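Protein chains: 2
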Amino acid sequence: MPVAKGSTIDPGRTRAAILDAATPVLYERGLDGIGVAELCTRLGVSKETLYRHFGTKDGLVRAVLEARSDRVTRALADAVAAAGPDPADQLTAVFDAFQRTFDEPEFRGCALLNAAAQHHVEPVRALTARHMDRYLDTLVGIAERAGAVDPALLGRQLLMLVEGATVVATHHGPTGAGDHALRAARTLLAAAS
Amino acid sequence: MPVAKGSTIDPGRTRAAILDAATPVLYERGLDGIGVAELCTRLGVSKETLYRHFGTKDGLVRAVLEARSDRVTRALADAVAAAGPDPADQLTAVFDAFQRTFDEPEFRGCALLNAAAQHHVEPVRALTARHMDRYLDTLVGIAERAGAVDPALLGRQLLMLVEGATVVATHHGPTGAGDHALRAARTLLAAAS
DNA sequence: AGTGGATCGAACCGATCGGTACCATCTAAG
DNA sequence: CTTAGATGGTACCGATCGGTTCGATCCACT
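Read top to bottom, the protein sequences are chains A and B.
Throughout the first sequence, residue numbering follows our numbering, covering 1 to 193 in sequence.
Throughout the second sequence, residue numbering follows our numbering, covering 194 to 386 in sequence.
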């Protein structure tokens, strides 16, 4: 049956729906862990539609990763903004937000880091690098507001704690990872100003 | 031509040679980034020999990862042991050792983390988890010798710095990563005793 | 009413994959 | 010298992969 009986034909919506549906599947199975055929079955679209919208499997992958990076980065910035003016509170907001993702049953590590390890080709690695730059911007901002002597250094150290907590939560268990990293971050913050 | 003209026929040596030669190739290309046929060409062995020794591509992968984890873990423990009794010096030895690997031109991140992200199936993930436990043992040891109030906590925080430094060095550039992480680690060490 | 575009389902394509089989040839040991 | 086992090279197998094509069908717009 071509075209679902009650479905609305709207290319924009179709594209967005594919993106939303493909994101968790590619995250769970890995970029190469699922073929285009099975992926289309799961998404409820035909291969022709997928290829018309994204051209290539890699095109879909890039779109998914970009959207994910945008969403996560925005969520983190929002959490920081909602935490008030105190840099210590902002740090708490950051690591609380990460702990919430660590505790999700589907958590499998940072999607961007996983993607870079899987397709270690330039286009994907560039997205991961940009993702990390965005994190770094947020963290350096906190360091600056805290009056750190070397905000760039403290920001990078905080980035290491964020990424380290993610890795440890992925491979050594999520319990307490956010809190342990937060306590370390507070110590660094207190010592840097 | 079967059997190289001057080669020694010694199954043990052949197996070890395959392991040694396959390790950098699988690291550089990714576990799924190279097929068995090309891999065998690079290693200079026939597919039959490879399959006789390792049974499966996954068997080879597991053997490579185990050997790599053993080697890296031992090198880290040796570096710590050679640093003398001062926990601060031992920390320096740890992060200096990591910085040296970050600076290698072939550096592509932690091989075990990459593997877990690529083949995210249980056998490989278990190896990565064990690898991380080994790191943790070494770091908790340093925390204990430093007289930390909660050595398990400090050890886990140091693990986050180690893994975070690795991730940042991989995706944001190796320059100074080890040193920045070391300074953070020293701060934590000083504050924890 | 009718036209054009979006979609589905399925068949199909060439390439590549992991893995197996076979045989000629060489080494190692008796 | 002989024999058993290890190896290289090559061809081969079935499965799967990303991607293309085609026709039938349905929606959206005029």
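Backbone N, C-alpha and C define an ideal beta-carbon position, used for all residues, glycine too.
Predicted, not measured: the structure shown is a model, and the values here were computed from it.
Item: Nearest-angstrom Cα distance between Ala304 (chain B) and Phe98 (chain A)?; Value: 24 Å
Item: Along the segment 341-355 of chain B, what residues have a CB closer than 8 Å to any CB found in chain A?; Value: Leu346, Arg349, Gln350, Leu352, Met353, Leu354, Val355
Item: Mark Arg376 (chain B) as exposed unless 16 or more other C-beta atoms lie within 10 angstroms of its C-beta, in which case mark it buried.; Value: buried
Item: Go ahead and label Pro298 (chain B) buried or exposed: buried means 16 or more other beta carbons lie within 10 angstroms of its beta carbon, across all protein chains shown.; Value: exposed
Item: Only counting runs of 4 or more residues, tell me where the alpha helix (DSSP H) segments fall wholly within the segment 271-300 of chain B, in order along the chain.; Value: 280-296
Item: Taking contact to mean 3 or more Cβ pairs, one atom from each stretch, closer than 8 Å, check whether the segment 339-355 of chain B and the segment 108-127 of chain A are in contact.; Value: no
Item: Which whole-angstrom value is the C-beta distance of Ala256 (chain B) and Lys240 (chain B), which I expect to be below 8 Å?; Value: Going by Cβ atoms, the distance from Ala256 (chain B) to Lys240 (chain B) rounds to 16 Å, so no, they are not a contact pair.
Item: Between Arg208 (chain B) and His246 (chain B), is the Cβ-Cβ spacing less than 8 Å?; Value: yes
Item: If contacts are defined as beta-carbon pairs under 8 Å, then Ala286 (chain B) and Ala270 (chain B) qualify, I think. What distance do you get, rounded to the angstrom?; Value: Not confirmed; about 10 Å, so no contact.
Item: Between the segment 294-312 of chain B and chain A, which residues of the former have CB atoms less than 9 Å from a CB of the latter, in chain order?; Value: Arg301, Gly302, Cys303, Leu305, Leu306, Asn307, Ala308, Ala309, Ala310, Gln311, His312
Item: Quick check: is the beta carbon of Leu76 (chain A) nearer than 8 Å to any beta carbon in chain B?; Value: no
Item: Hey, Ala358 (chain B) and Ala374 (chain B) are a contact pair by Cβ (cut 8 Å); roughly how many whole angstroms apart?; Value: 4 Å
Item: According to DSSP, is Ile335 (chain B) part of a helix, a strand, or is it coil?; Value: helix
Item: Are the beta-carbon atoms of Pro174 (chain A) and Phe102 (chain A) separated by less than 8 Å?; Value: yes
Item: In whole angstroms, give me the CA-to-CA distance for Leu139 (chain A) and Pro87 (chain A).; Value: 10 Å
Item: Count the other CB atoms, across all protein chains shown, that sit within 10 Å of the CB of Thr56 (chain A); report buried if there are 16 or more and exposed otherwise.; Value: exposed
Item: Along the alpha helix (DSSP H) that carries Thr207 (chain B), what are the first and last residues, could you check?; Value: 204-222
Item: Counting only Cβ-Cβ distances shorter than 7 Å, please list the residues of the segment 166-190 of chain A near chain B, keeping chain order.; Value: Val167, Val168, His171, His172, His180, Ala181, Ala184, Thr187, Leu188
Item: Along the segment 18-48 of chain A, where does the CB come closer than 8 Å to a CB of chain B? Name the residues.; Value: Gly30, Asp32, Gly33
Item: So, with DSSP's three-state summary, where would you put His364 (chain B)?; Value: helix
Item: Here's the rule I'm using: 16 or more other beta-carbon atoms within 10 Å means buried, otherwise exposed. How should Arg68 (chain A) be labelled?; Value: buried
Item: Let me make sure I understand the geometry here. Which of A:Leu188, A:His171, A:Ala22, A:Ala177 has the alpha-carbon closest to that of Glu315 (chain B)?; Value: A:His171
Item: Using a 10 Å radius around the Cβ and a threshold of 16 neighbouring Cβ atoms, would you call Gly205 (chain B) buried or exposed?; Value: exposed
Item: Can you give the Cα-Cα distance for Asp133 (chain A) and Tyr244 (chain B), rounded to whole angstroms?; Value: 44 Å
Item: Using only the alpha-carbon positions, how far apart do Leu253 (chain B) and Val162 (chain A) sit?; Value: 33 Å
Item: Quick one: does Thr331 (chain B) have its CB under 8 Å from some CB of chain A?; Value: no
Item: Please name the residue, chosen from A:His131, A:Val167, A:Pro24, that lies closest to Leu351 (chain B) on a Cα-to-Cα basis.; Value: A:Val167
Item: Pull up the CB-CB distance for Ala310 (chain B) and Ala117 (chain A), whole angstroms please, since I reckon it's below 8 Å.; Value: 4 Å
Item: Looking only at its chain, what residues have a beta carbon closer than 6 Å to the beta carbon of Ala370 (chain B), apart from the 5 residues adjacent to it on each side?; Value: Phe295, Ala358, Val361, Ala362
Item: Starting from Gly164 (chain A), find everything on chain B with Cβ-Cβ shorter than 8 Å and list it in chain order.; Value: Leu352, Met353, Leu354, Val355, Glu356, Gly357, Ala358, Val360
Item: Pull up the distance between the alpha-carbon of Thr387 (chain B) and that of Arg71 (chain A), whole angstroms please.; Value: The question about residue 387 (chain B) has no answer, for chain B in this structure spans 194 to 386.
Item: Can you give the Cα-Cα distance for Leu188 (chain A) and Leu347 (chain B), rounded to whole angstroms?; Value: 13 Å
Item: Count the other C-beta atoms from every protein chain shown that fall within 10 angstroms of the C-beta of Thr234 (chain B), then say buried if there are 16 or more, exposed otherwise.; Value: exposed
Item: Hey, quick one: how far does the alpha helix (DSSP H) through His180 (chain A) stretch, first residue to last?; Value: 177-192
Item: Contact criterion: CB-CB distance below 8 Å. Does Thr321 (chain B) meet it with respect to chain A?; Value: yes
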